Amino acid sequence: MPEIPLDSIGPAKILQLNDVQTGLRAVIVVDNVALGPAIGGVRFSPHVTPLEVARLARAMTLKSAIAGLDHGGAKAGIIGDPNQPGKQHLAHTFARLMAGVTEYIPGPDMGTDEQFMVWIREEIGRACGVPASLGGLPLDELGATGFGLAACAEVAGAEIGLPLAGARVAVQGFGNVGRAAARFMAELGTALVAASDSHGTIHSPGGLDVGELVAIKRQGGSVVDYSAGTVLPQEKIFACDADILVPAATPDVIDRNNVETVRAKLILQGANIPVTREAEEALARRGVLVIPDFIANAGGLIMAAMEYRKKSAMEAFAMIREKIQENTSRILQRAKREGVSPRQAGEQLALERVREAMAIRDLSRPWR
Ligand code: NAD
Numbered sequence: 004m005p006e007i008p009l010d011s012i013g014p015a016k017i018l019q020l021n022d023v024q025t026g027l028r029a030v031i032v033v034d035n036v037a038l039g040p041a042i043g044g045v046r047f048s049p050h051v052t053p054l055e056v057a058r059l060a061r062a063m064t065l066k067s068a069i070a071g072l073d074h075g076g077a078k079a080g081i082i083g084d085p086n087q088p089g090k091q092h093l094a095h096t097f098a099r100l101m102a103g104v105t106e107y108i109p110g111p112d113m114g115t116d117e118q119f120m121v122w123i124r125e126e127i128g129r130a131c132g133v134p135a136s137l138g139g140l141p142l143d144e145l146g147a148t149g150f151g152l153a154a155c156a157e158v159a160g161a162e163i164g165l166p167l168a169g170a171r172v173a174v175q176g177f178g179n180v181g182r183a184a185a186r187f188m189a190e191l192g193t194a195l196v197a198a199s200d201s202h203g204t205i206h207s208p209g210g211l212d213v214g215e216l217v218a219i220k221r222q223g224g225s226v227v228d229y230s231a232g233t234v235l236p237q238e239k240i241f242a243c244d245a246d247i248l249v250p251a252a253t254p255d256v257i258d259r260n261n262v263e264t265v266r267a268k269l270i271l272q273g274a275n276i277p278v279t280r281e282a283e284e285a286l287a288r289r290g291v292l293v294i295p296d297f298i299a300n301a302g303g304l305i306m307a308a309m310e311y312r313k314k315s316a317m318e319a320f321a322m323i324r325e326k327i328q329e330n331t332s333r334i335l336q337r338a339k340r341e342g343v344s345p346r347q348a349g350e351q352l353a354l355e356r357v358r359e360a361m362a363i364r365d366l367s368r369p370w371r
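Note that the numbering used here has the sequence shown beginning at 4, numbered continuously upward.
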């Protein structure tokens with residue numbers, strides 16, 4: 004297994020799971036549980052690496068802490084094709100092998116869904132992101148993360164003097180997060196001018212019809228099947244003239260090679276770690292405001308935590324708006340006061356909370 008860096012807060016546990024009978028190969032990283040048991044997605048992909056899982060687990064620690072949730076951070080990665088036959092058997096095997104990691108509450112992520120969480124919960128009695136019929140809050144169906152991104156846009160837009168009414172938005176990755184972000188931001192008056200998925204980019208300076216695009220995706224199509232607009236290669240989304248860019252696909256999509264092409268004034272990180280550190284610094288030097296993932300895309304996590312507490316969808320939406328707007332303002336104020344980036348300000352705030360909890364807790368005691 005490649006070296007996973009350790010620092011003063013974690014990871015607390017790194018587990019490699021191998022089951023020779025089913026061929027299951029998985030990694031679980033429990034980063035930190037000082038604030039409470041860790042909620043974190045199970046990513047199922049042939050490309051997921053232990054280092055990626057560790058980075059995502061840390062992002063969950065920061066996201067929970069900054070959101071003021073009583074949860075730590077963890078993540079799991081199952082290495083393999085998520086569309087392979089026998090997925091139910093793999094889910095049960097995965098759950099059995101991780102049953103003893105009681106401080107980890109699994110949730111859905113890329114390659115896993117509500118059904119997968121049901122299989123895990125059947126085995127170990129805990130998981131979030133289960134279907135509504137089993138008491139879950141289906142966060143992708145409800146658009147929790149996209150709703151949070153729109154709430155974040157209200158505060159971040161005001162910070163840079165950008166009224167949302169008429170603001171032009173580009174969404175990279177028109178999946179669960181991207182679609183909901185486009186929909187909720189349109190309700191605030193923005194115009195979606197570009198959207199992309201794994202087939203390409205659709206661009207129309209006059210605005211795209213969000214409802215039509217959502218319908219095309221629901222029917223299994225691609226954004227490039229949209230009736231009007233110009234079809235461009237995937238990568239060109241970053242160079243489209245927009246005020247707000249929402250990267251909502253995969254990690255590290257904005258890096259040193261394309262950062263200079265980005266034209267937006269505001270970037271809301273819908274995906275986890277979609278911008279490399281180097282590119283974030285380059286954007287800051289150009290005066291582009293970047294709201295980091297653990298603030299901007301915390302809506303899904305907040306809804307998962309509300310599901311775990313058996314709250315309603317309405318209560319969850321109210322909590323997402325309140326927490327994300329409060330946290331966005333807090334990090335922006337601190338960033339200005341201390342002359343640091345919003346990411347640094349957020350990390351400082353989150354780490355203070357984690358360290359305070361570590362100092363007063365005996366972390367050798369297991370979660371019950
Ligand atoms: P999804 O699979 O529903 O959507 C991803 C979309 O990105 C798809 O439309 C896919 O076609 C597109 N895509 C993939 N590669 C692309 C590329 N190179 N260029 C353009 N589009 C590309 O996934 P999702 O649930 O929307 O999650 C998106 C990202 O947000 C992931 O990184 C996930 O970890 C993160 N995230 C999700 C949530 C959530 O609530 N679902 C919460 C926080 C963070």
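Glycine residues also receive a C-beta, built at the ideal position from the N, C-alpha and C atoms.
Predicted model, so just to flag it, every value in this text is computed and none were measured.
Residue burial annotation: V23 is exposed, with fewer than 16 other C-beta atoms found within 10 angstroms of its C-beta. Straight across, the Cα-Cα distance linking V172 with E350 is about 27 Å.
For A338 and S332, the gap between their C-alpha atoms comes out near 10 Å. Taking the C-beta atoms as reference points, I17 is found nearer than 9 Å to P53. Between V32 and I7, the gap from beta carbon to beta carbon is short of 9 Å. Sequence-distant partners of P134 (beyond 5 residues in either direction) whose C-beta falls short of 6 Å from its own C-beta, in its chain, are E117. Here I247 is near A267, since their CB atoms are less than 9 Å apart.
Here the alpha carbons of L271 and A299 stand approximately 6 Å from one another. Within the stretch 56-90, the complete beta strand (DSSP E) segments of 3 residues or longer fall at 75-82, listed in chain order.
The C-beta distance from G80 to E55 rounds to 7 Å, short enough to fall under 8 Å. Less than 9 Å divides the Cβ of H206 from the Cβ of G232. In the DSSP assignment, L27 falls within the unbroken beta strand (DSSP E) covering 27-35.
Listed in chain order, the non-local C-beta contacts of A287 below 6 Å within the same chain comprise S344, local neighbours out to five positions each way being set aside.
Per DSSP, reduced to three states, the secondary structure at N21 is strand. Three or more pairs of CB atoms, one per stretch, sit closer than 8 Å, so the stretch 222-238 contacts the stretch 192-206. By DSSP's assignment, S48 forms a beta bridge with I82. Non-local C-beta neighbours of M309 in its own chain, meaning closer than 7 Å and more than five positions away in sequence, comprise L140, E318, A319, M322, ordered along the chain.
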